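For the sequence shown, the UniProt record's numbering gives the first residue as 1, with consecutive numbering after it.
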Amino acid sequence: MLPQPSLLTARLQLRPFVPADVSWLVPLLGVREVAMQTLTVPHPYRAEDAEQFIARQAERWEAGKGVTWAIVLRDGDEPAGAVGLQLVPAHRRAELGYWVSQPRWGQGIATEAARAVIAHGFTAMGCHRIEAYHYPENPASGAVMRKLGMQHEGRVRAMVWRDGVPRDNERYAILATDPRP
Numbered sequence: 001m002l003p004q005p006s007l008l009t010a011r012l013q014l015r016p017f018v019p020a021d022v023s024w025l026v027p028l029l030g031v032r033e034v035a036m037q038t039l040t041v042p043h044p045y046r047a048e049d050a051e052q053f054i055a056r057q058a059e060r061w062e063a064g065k066g067v068t069w070a071i072v073l074r075d076g077d078e079p080a081g082a083v084g085l086q087l088v089p090a091h092r093r094a095e096l097g098y099w100v101s102q103p104r105w106g107q108g109i110a111t112e113a114a115r116a117v118i119a120h121g122f123t124a125m126g127c128h129r130i131e132a133y134h135y136p137e138n139p140a141s142g143a144v145m146r147k148l149g150m151q152h153e154g155r156v157r158a159m160v161w162r163d164g165v166p167r168d169n170e171r172y173a174i175l176a177t178d179p180r181p
């Protein structure tokens, strides 16, 4: 397997996670409002969680099951979140996931990072369909998906259990043949 590539945008570097990233993952994902908008990030978020997350990303890449990048601001090298694709190669499909640190909400970082990842998924990873999900209580994430050209496909009822409660998710998708803004 080739090394995981880095991607560059106007403001961002998307790079593979490294063990030293534990130092910023813990405080950024330790914010309950950030963790609770994700499907799987535990709260509280501990150093052991970050270490396991980083190890899993390398394993997923090596196994061809997915790719996750750290989102880092090019101006100042400030970490701002993560973005990635979970692959289903047999169906040329992937699930897009992302989170952004709370101080960087509303600055277009998720849109910019996800746009680069979608383009990479279609051009370099053989994807034909990329889908994404968000909680109905997080309309900002739905706005990101619409800015990416994704189409709303409906609500998936009780898709995940979070804090012992079933949670609905809104599903969006874009095809390689769809127009992209």
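Note that CB positions come from ideal geometry on N, CA and C, so glycine has one too. Note that this is a predicted model, so its numbers are computed, not measured.
Assuming the contact rule is C-beta atoms closer than 8 Å, residue 67 and residue 85 should be a hit. Round their C-beta distance to whole Å, please.
The residue labelled residue 67 in the question sits at position 67 within the sequence shown. The residue labelled residue 85 in the question sits at position 85 within the sequence shown. Going by Cβ atoms, the distance from residue 67 to residue 85 rounds to 6 Å, so yes, they are a contact pair.
Beta strand (DSSP E) segment containing residue 49, residue limits:
Translated into the one-based positions of the sequence shown, residue 49 becomes position 49. Not the beta strand (DSSP E): residue 49 falls in the alpha helix (DSSP H), residues 47-63.
Output the distance between the C-alpha atoms of residue 57 and residue 69, rounded to the nearest integer angstrom.
Locating residue 57 in the sequence shown gives position 57, where the first residue counts as 1. Locating residue 69 in the sequence shown gives position 69, where the first residue counts as 1. Note on geometry: alpha-carbon atoms of residue 57 and residue 69 lie some 9 Å from one another.
My understanding is that residue 160 touches residue 102, with C-beta atoms under 8 Å, so please give their C-beta distance in whole angstroms.
Counting from 1 along the sequence shown, the entry for residue 160 is found at position 160. Counting from 1 along the sequence shown, the entry for residue 102 is found at position 102. Contact between residue 160 and residue 102 is absent: CB atoms are separated by about 21 Å, not below the 8 Å threshold.
Rounded separation between residue 175 and residue 82 - CA only
For the purposes of this step, residue 175 is taken as the residue at position 175 of the sequence shown. For the purposes of this step, residue 82 is taken as the residue at position 82 of the sequence shown. Approximately 22 Å between the Cα atoms of the pair.
Could you pull out every residue in the same chain whose Cβ sits closer than 8 Å to the Cβ of residue 119, ignoring the five residues on either side in sequence?
Taking the sequence shown and counting its residues from 1, one reaches residue 119 at position 119. 180, listed in sequence order.
Distance, Cα to Cα, residue 173 vs residue 114?
For the purposes of this step, residue 173 is taken as residue 173 along the sequence shown, with counting starting at 1. For the purposes of this step, residue 114 is taken as residue 114 along the sequence shown, with counting starting at 1. The straight-line gap from Cα to Cα measures roughly 13 Å.
Can the beta-carbon of residue 65 be found closer than 8 Å to that of residue 87?
One-based indexing of the sequence shown puts residue 65 at position 65. One-based indexing of the sequence shown puts residue 87 at position 87. Yes. Within cutoff.
Could you tell me the distance, in whole angstroms, from the CA atom of residue 18 to the CA atom of residue 167?
Within the sequence shown, numbered from 1, the residue matching residue 18 stands at position 18. Within the sequence shown, numbered from 1, the residue matching residue 167 stands at position 167. So the two alpha carbons sit approximately 32 Å from each other.
Check for me: the beta strand (DSSP E) holding residue 68 runs from which residue to which?
As a first step, residue 68 must be located in the sequence shown, where it is residue number 68. Note, residue 68: beta strand (DSSP E), 66-73.
Applying the 10 Å Cβ sphere with the 16-neighbour rule, what's the burial state of residue 49?
By 1-based counting over the sequence shown, the position of residue 49 is 49. With 16 or more Cβ atoms within 10 Å of its Cβ, residue 49 is classed as buried.
Quick check for students: name the residue ranges of the alpha helix (DSSP H) that lie wholly in the segment 8-35, counting only runs of 4 or more.
For the alpha helix (DSSP H) assignment, the uninterrupted runs of no fewer than 4 residues enclosed by the segment 8-35 are, from N- to C-terminal side, 22-29, 32-35.
According to DSSP, is residue 37 helix, strand or coil?
Residue numbering aside, residue 37 sits at position 37 when the sequence shown is read from its first letter. Three-state result, residue 37: coil.
Which listed residue (146, 116, 73) has its alpha carbon closest to that of residue 107:
Taking the first residue of the sequence shown as position 1, residue 107 is located at position 107. The shortest C-alpha separation from residue 107 is found at 73.
If residue 121 sits next to residue 130, beta carbons under 8 Å apart, how far is it from one beta carbon to the other, in whole angstroms?
Within the sequence shown, numbered from 1, the residue matching residue 121 stands at position 121. Within the sequence shown, numbered from 1, the residue matching residue 130 stands at position 130. That pair is a contact at about 5 Å.
Looking at residue 54: is its Cβ nearer than 8 Å to the Cβ of residue 22?
Within the sequence shown, numbered from 1, the residue matching residue 54 stands at position 54. Within the sequence shown, numbered from 1, the residue matching residue 22 stands at position 22. In this structure, residue 54 places its C-beta atom within 8 Å of the C-beta atom of residue 22.
Beta-carbon separation (whole angstroms), residue 128 vs residue 145, contact threshold 8 Å
For the purposes of this step, residue 128 is identified with residue 128 of the sequence shown, where counting begins at 1. For the purposes of this step, residue 145 is identified with residue 145 of the sequence shown, where counting begins at 1. With a Cβ gap of about 18 Å, residue 128 and residue 145 do not count as contacting.
Reduced DSSP category for residue 143 - H, G, I as helix; E, B as strand; rest coil:
Mapped onto the sequence shown, residue 143 falls at position 143. Reduced to three states, the DSSP call for residue 143 is helix.
Cutting at 6 Å between CB atoms, please list the residues of its own chain near residue 47, excluding the five before and the five after it.
The sequence position of residue 47 within the sequence shown is 47, counting from 1. Cβ neighbours of residue 47 beyond the five flanking positions: 22, 26.
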